[in-house]
Every structure is written in C-alpha cells, then in structure tokens.
Amino acid sequence: YWGKGIMSEAVTRITEYAFEHLGLVRIYAEPYAPNQASCKVLEKAGYTLEGRLRKNAIKDGKIIDMLMYAKVKE
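So for the sequence shown, the working numbering puts the first residue at 5; every next one is plus one.
What follows is the structure, encoded as structure tokens:
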C-alpha cells in the first residue's frame, strides 16, 4: 500500500478532525530526520518544517536528529 497516499489522507483527516472537534490550535510531529517518507506525509498534509532537533534520539544504537513539523489552525 506504500505510495498510494493512504497515510497522507489519514493524517490530513485526523488533523482536520482535531482542529474542528477537539479545539486544538496546533499539532506537531517529530519524525526521525532520516525518515523521508514520514516527512513527505506530513508535508502533503500541510505541516510545515519548523526546525531540526540535533542529536535528539537514539535509534539502533545511533544518535540521530529529529525534525519538528507543525500545523496551526488558521
């Protein structure tokens, strides 16, 4: 199912629901920097890259960066 836009659609709909029904004004996500697929999903769903969290996580015994994406209710 990869590459069919399923996750982008799911993230978009969940984000819209959270803004409309839960009263949220900001939603953020912190994917691992090397995970370009997750970054692309967030970008397609309208999230904006706000910054890089340097050496923020340990994955498979390696210290890696994470990225900060967010979307705010307009």
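Glycine included, each C-beta is placed from N, C-alpha and C at the ideal position. Note that the coordinates shown come from a computational prediction; the quantities given were computed from them, not determined experimentally.
Measuring CA to CA, which of the options is closest to residue i?
i	options	result
D69	T52, S12, R56, K75	R56
L71	A41, A22, L26	A41
G78	E24, G7, R58, N39	For the record, residue 78 in the displayed sequence is Glu; it is not Gly. The residue with the shortest Cα to Cα distance from E78 is E24.
A140	K48, P38, L28	With the chain running from 5 to 78 in the structure shown, residue 140 is simply not present.
D64	P38, L28, V76, K44	P38
G50	L26, K75, K8, M11	K75
Can you give the beta carbon distance from residue i to residue j, rounded, assuming they're within the 8 Å contact cut?
i	j	result
Y73	E54	7 Å
I31	T16	11 Å between Cβ atoms; not a contact.
A61	L46	Their Cβ separation, rounded to whole angstroms, is 17 Å, which puts A61 and L46 out of contact at 8 Å.
For residue i, write down the residues that DSSP places opposite it in a beta bridge.
i	result
L57	M70
K75	I31
I18	The partner list for I18 (beta bridge, DSSP) is empty, contrary to what the question assumes.
- Unbroken stretches of the beta strand (DSSP E), 3 residues or longer, contained in the segment 26-57: If we require 3 residues or more, the beta strand (DSSP E) runs fully inside the segment 26-57 come out as 30-33.
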